[in-house]
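Novice: Per the working numbering, the sequence shown runs over residues 11 to 204.
From the three backbone atoms N, C-alpha and C, an ideal C-beta is built for every residue, glycine too.
I have a structure here, written as C-alpha cells, and I will follow up with some questions on it.
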Amino acid sequence: MNEPRTIPSRPRDRLFAVVTQVLAVLLLPVALLRAPGRARERACGWALWMRFPAEDLTGLTEGALAAFTAARTEAFWRYGQLIGLTSGHRDPLVQQRMFDDEVRRTGSPALARMLVLPPAESCHVQGIALDVRPHEGARWLEEHGARYDLYRMYDNEWWHFEHHPEYGGMPPRRRPHPGVRYASENGNRYVSGE
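Next up, the structure:
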C-alpha cells in the first residue's frame, strides 16, 4: 500500500475487534432465525453497527451497498478483519461546505482539490464512494476489493474507495490525489482537475 504514513494499531483497537467478533458469533443464532440465507451477513452487520455506531450506509447506490456489505462480511468472517464506514454518500450541500472550508484553509481551489472535490465531481455525492476505517480494514480492501469492484482511487487517501463495476475486476490506475484526472482515454498522463 502506498500511503503517506502508517498508522499503528492501538491495543484497544485489537480488543474492540475481538469483542466485535465474539458479539457476531453470539448474534449468529438470532440472525439464523431472522435471515436464514444471510445470517453471517446480518450478524456481521449488527456487530459492526455496535462497533461503529455513527456509520451511515444510507444514500449509497444499491450496487455500492451490496459490494461493500459483501466485502466486509468476507473480511470479517474469513479474515477476522473489521471494516467500518467513516463516510459514504454526502449531500451536495455538505460536499460544497467541505470544499469551501478546504479552499479557505488552503487559500486556493486548486490546493483544496487535492483533498476535497466540489459536489459536481464528487463520487460521495453520487453514492459510490466509501471512506473506510480502520487502516487494517482499508489495507484488506485494497488487496481484495477488486472482487467486489471496490477500488482505492488516490495515492494520498488510504481510506477512500469507489465502486466501479465497469472496471470488471481490473483496478484502475491510481491518481495522486482527487484533483487530478486522466488527460486521455488510455490514462498515460495526468492533468490538473481545474
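(1) If you run the structure through DSSP and keep just helix, strand and coil, what is G147?
(2) Ordered along the chain, which non-local residues of its own chain (more than five positions away) have a Cβ less than 7 Å from that of A122?
(3) Please state whether the Cβ-Cβ distance between L127 and P175 is less than 7 Å.
(4) To the nearest angstrom, how far is it from the Cα of W150 to the Cα of L92?
(5) F78 bridges to which residues according to DSSP?
(6) When the distance is taken between beta carbons, is Y177 closer than 7 Å to A80?
(7) For Y164, collect the residues of the same chain with a Cβ closer than 8 Å to its Cβ; drop the 5 residues on either side in sequence, then sort them by chain order.
(8) Quick check: the stretch 85-101 against the stretch 46-65, are at least 3 beta-carbon pairs closer than 8 Å?
(9) Assuming P129 and P102 are in contact, meaning their beta carbons sit under 8 Å apart, how far apart are those beta carbons, in whole angstroms?
(10) Beta carbon of E172, beta carbon of I138: below 7 Å?
(11) Since H99 contacts G69 with CB under 8 Å, what's their CB separation in whole angstroms?
(12) E204: buried (16+ other C-beta within 10 angstroms of its C-beta) or exposed?
(13) Using three-state DSSP, classify T68 as helix, strand or coil.
(14) Which word fits L140, buried or exposed, when buried means at least 16 other C-beta atoms lie within 10 angstroms of its C-beta?
(15) Helix or strand or just coil, what does DSSP make of F62?
(16) Check L42 in the structure and name its three-state DSSP category.
(17) For Q136, which of M180, V104 and V28 has the nearest alpha-carbon?
(18) Less than 7 Å between the beta carbons of T83 and C54, yes or no?
Specialist: Taking the geometry as given:
(1) helix
(2) F109, E112, V113 and T116
(3) In this structure, P175 does not lie closer than 7 Å to L127 by Cβ.
(4) 9 Å
(5) DSSP lists no partner for F78.
(6) no
(7) H170, R184, R185, P186, H187 and P188
(8) yes
(9) 4 Å
(10) A distance below 7 Å separates the beta carbons of E172 and I138.
(11) 3 Å
(12) Its pLDDT being 44, under 50, E204 is placed unreliably in this model, and the value from its coordinates should be taken loosely. Under this definition E204 is an exposed residue.
(13) coil
(14) buried
(15) Correct three-state label for F62: coil.
(16) DSSP places L42 within a helical segment (H, G or I) once states are collapsed to three.
(17) V104
(18) yes
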